[in-house]
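Okay, structure first, notes after.
Protein chains in written order, with our numbering: chain A, 497 to 840; chain B, 15 to 471.
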């Protein structure tokens with residue numbers, strides 16, 4: 497099997513797709529989180545500032561989801577097909593909220609009527625919360641595994657996706673994004689909104705740490721297969737240790753009102769949490785609860801070596817480009833939000 | 015209803031709705047690039063005002079395009095899982111390339127295009143506009159390549175058998191330059207340019223009729239008319255090339271387009287007609303031997319008709335395919351006639367003297383939209399019963415685990431959301447048009463307060 501730097505192509509794709517989804521979680525995570533807070537801001541001006549803090553970038557952030565979806569389709573067609581058809585109803589609702597959120601951002605400021613604005617504000621915020629929960633729900637179910645038959649098809653009912661562990665991961669994800677989003681907004685605001693956000697951030701940090709501890713405990717007790725890799729290779733324990741350190745730095749930096757480093761640490765925490773997920777899963781992607789032999793791993797799911805090789809080349813060319821535009825856009829809009837006639 | 019028909023309706027509905035917007039983004043992008051280019055070249059503020067105005071409308075179309083586009087990317091996996099397994103190796107790579115090379119460019123620069131007017135120099139802003147436009151053009155490249163591969167597969171081999179079979183890529187460039195991709199791409203691009211140009215023509219014709227924003231509208235109208243003249247004529251050439259490729263690679267589709275039944279006979283071309291499947295006749299106005307001539311440059315040449323193909327290997331919705339195709343061609347001709355006539359009036363210096371012509375342009379915005387839609391319907395319905403031509407049938411491409419009720423639920427959901435979305439789009443578009451390009455865009459911050467303050471003075 498062809499390798500690059502000693503790692504075979506399917507494993508590269510596992511890393512790459514994981515990297516893209518981490519990028520997505522870090523970027524869309526803060527704008528979903530900011531959206532989740534939206535109704536906490538009472539004043540029209542505060543809401544506009546909060547909305548315009550994500551205004552120029554939310555669209556670019558969603559690109560990472562599009563790239564991730566495309567990469568999954570291309571790299572692991574079986575994972576894409578099995579997961580998306582199994583989770584038909586959750587994904588359709590996800591799409592519904594994604595559309596509603598996009599149009600509420602576009603439309604809220606187009607009219608001045610109070611009912612119009614509060615309607616779109618509510619839709620925007622509810623959709624942001626629902627999307628964060630949905631992402632966590634998918635993650636929780638992928639971690640637990642699902643009934644997959646020998647034919648690689650899902651053999652269950654979608655209602656089984658609504659289980660305690662998935663709810664736990666869903667709310668943990670929401671709390672994580674709200675913490676991340678509050679830090680982002682703190683970098684973009686000043687005055688009373690800023691003061692209010694410092695209070696909200698404290699609550700979010702507490703909620704996240706509680707929910708995260710609960711999820712970790714539940715995982716260790718009820719889903720032992722997820723810690724197998726760590727028991728087998730104790731060196732891997734460095735990842736959870738780093739994760740805890742990164743998370744611990746968030747309140748430390750927030751207390752000093754150093755929100756740029758706080759944002760860095762919350763982004764790092766998201767990346768490390770997803771690295772934990774990746775270690776726990778690899779080489780399996782979709783675990784079958786019927787028979788481990790039916791599980792879909794990176795090798796059974798992968799596209800041909802030729803196709804993976806071509807797309808690795810795409811990634812090598814494309815990712816620096818995407819990084820370049822992202823840097824350019826964030827640099828252009830760095831600093832506190834200023835409203836002008838083109839704002840939302 | 016069964017899953018297949020529901021899933022097909024859902025796909026057709028969501029893609030048709032989506033396809034209102036990306037062509038507008040591509041077409042408006044081209045015109046915005048021209049406007050900003052003119053501003054950089056001449057320094058005339060009118061062009062900047064125009065570019066800012068069209069950027070706002072662009073933002074509206076782009077936002078809906080993104081939201082409805084993500085639906086499409088998910089739908090392959092949710093509704094067409096078997097298809098996804100079969101084509102992922104080939105189709106997936108085109109889709110991934112679209113994401114990383116095109117969509118990222120578009121969305122990355124979009125923020126600067128929309129919000130960067132006061133933050134970057136006009137030169138950097140022009141580059142951002144160009145980046146967004148090129149990104150939308152590249153999106154079309156990869157999507158049309160993926161779709162063309164389904165029409166005329168190349169650069170692949172089939173691995174495995176029965177339910178395990180799937181296409182794997184053998185030659186990337188052969189896949190990219192499959193027999194139909196270049197001609198279809200040009201056809202799609204130009205269809206998009208026309209959609210954008212006719213929207214600009216419509217809005218500025220409306221202003222001219224109302225006597226508003228006259229100087230600016232005359233400039234914009236001329237830019238868009240130039241685009242319309244060049245590309246409505248060019249569309250004739252790409253359309254002809256596309257038909258030749260269909261004739262060579264998808265003869266059953268070609269037969270369906272013209273309602274040609276006899277298995278090997280001289281084929282006519284219809285201007286208008288009605289296909290009667292029972293009697294295998296088309297009633298209408300025809301050019302005898304026209305299709306033979308167009309495909310072989312010979313009025314006497316035999317062309318394979320529908321009966322040449324096995325009954326389960328040819329499309330069935332014959333009248334719909336025939337009508338959609340003929341409507342597209344008829345609209346193409348109308349656009350050429352209208353553009354050339356207006357161009358002639360322009361040359362005579364009387365372009366803006368004829369109110370009826372401006373009134374026609376106000377409504378002509380619908381024509382390219384309809385042509386783009388029916389053209390795709392003819393292309394996709396003509397491909398049936400195949401989803402990958404000659405290899406995978408649409409009926410075999412579905413998700414095995416998704417039930418009819420689930421699809422019905424999502425279809426109802428999309429229908430409601432999209433109808434609302436369309437209503438809002440039209441409402442806001444109308445509002446932006448009524449508001450018009452601000453001559454002093456910096457001063458319109460709080461129009462309402464000012465309006466209320468005035469009567470007291």
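Don't be surprised by glycine CBs; every beta carbon is placed ideally from N, CA and C.
According to the DSSP assignment, residue 279(B) belongs to the beta strand (DSSP E) that extends over 278-280. Runs of the beta strand (DSSP E) lying entirely within the region 305-367 of chain B, each at least 3 residues long, are 316-318 in chain order. Taking C-beta separations shorter than 8 Å and ignoring five residues to either side along the sequence, the partners of residue 756(A) in its chain run 683, following chain order.
Judged by DSSP in its simplified three-state form, residue 508(A) adopts helix. Within chain B, 125, 126, 129, 130 and 133 have C-beta atoms less than 9 Å from the C-beta of residue 829(A), given in sequence order. For the region 277-307 of chain B, the beta-carbon criterion of a distance under 8 Å to any beta-carbon of chain A is satisfied by none of its residues. Cβ-Cβ separation between residue 169(B) and residue 569(A): approximately 18 Å, too far for a contact (criterion under 8 Å). Residues of the region 151-181 of chain B that bring their beta carbon within less than 7 Å of a beta carbon in chain A are absent altogether. Cβ contact annotation for residue 75(B) (same chain, cutoff 6 Å, sequence separation greater than five): 35, 38 and 39, in chain order. Non-local C-beta neighbours of residue 118(B) in its own chain, meaning closer than 8 Å and more than five positions away in sequence, comprise 149, ordered along the chain.
Taking a contact as a CB-CB distance under 8 Å, the pair residue 73(B) and residue 128(B) counts as one, their CB atoms being some 5 Å apart. Look at the region 232-259 of chain B: it has no residue with a C-beta under 8 Å from a C-beta of chain A. If you draw a straight line from the Cα of residue 190(B) to the Cα of residue 632(A), it is about 37 Å long.
Going by beta carbons, residue 331(B) and residue 305(B) fall outside the 7 Å limit. Nothing from the region 340-363 of chain B brings a Cβ to less than 8 Å from some Cβ of chain A. Taken in chain order, the complete beta strand (DSSP E) segments of 3 residues or longer contained in the region 388-428 of chain B are 400-402. According to the DSSP assignment, residue 183(B) belongs to no alpha helix (DSSP H) but to the beta strand (DSSP E) extending over 180-183.
Only residues of its own chain outside the window of five on either side were considered, and among them 548 have a CB closer than 6 Å to the CB of residue 839(A), listed in chain order. Here residue 17(B) really is in contact with residue 421(B); their C-beta atoms are around 6 Å apart, less than 8 Å. Residue range 554-571 is occupied by the alpha helix (DSSP H) that includes residue 565(A). Contact of residue 795(A) with chain B by beta-carbon distance below 9 Å is absent, the smallest such distance being about 14 Å. Within the region 91-105 of chain B, those residues whose Cβ lies closer than 9 Å to any Cβ of chain A are, in chain order, 91, 92, 93, 94, 95, 96, 97, 98, 99, 100, 101, 102, 103, 104 and 105.
Contact between residue 33(B) and residue 390(B) holds: CB atoms are separated by about 7 Å, below the 8 Å threshold. In chain order, 588, 589, 591 and 592 make up the part of chain A whose C-beta sits under 9 Å from the C-beta of residue 427(B). Proximity of residue 411(B) to chain A, defined by a Cβ-Cβ separation below 7 Å, is not satisfied. Contact check for residue 799(A) against residue 644(A) fails: the beta carbons are separated by 7 Å or more. Against residue 74(B), the close residues of chain A are 602, in the order they occur along the chain (beta-carbon pairs closer than 8 Å). Residues of the same chain with a CB within less than 7 Å of the CB of residue 387(B), apart from the 5 flanking positions on each side, are 30 and 33 in chain order. Within the region 705-792 of chain A, the complete alpha helix (DSSP H) runs of at least 4 residues fall at 724-728, 734-751 and 755-777.
Chain A has no Cβ within less than 7 Å of the Cβ of residue 47(B). Following the DSSP letters along the chain, one finds residue 52(B) inside the alpha helix (DSSP H) bounded by residues 35-56. In this structure, residue 234(B) sits away from residue 254(B), with a CB-CB distance that is not shorter than 7 Å.
Straight-line measurement puts the Cα of residue 236(B) at about 21 Å from the Cα of residue 203(B). Of all residues in the region 193-223 of chain B, none has a C-beta nearer than 9 Å to a C-beta of chain A.
Here the C-alpha atom of residue 514(A) lies approximately 43 Å from the C-alpha atom of residue 610(A). Going by DSSP, residue 197(B) is part of the alpha helix (DSSP H) stretching over 195-224.
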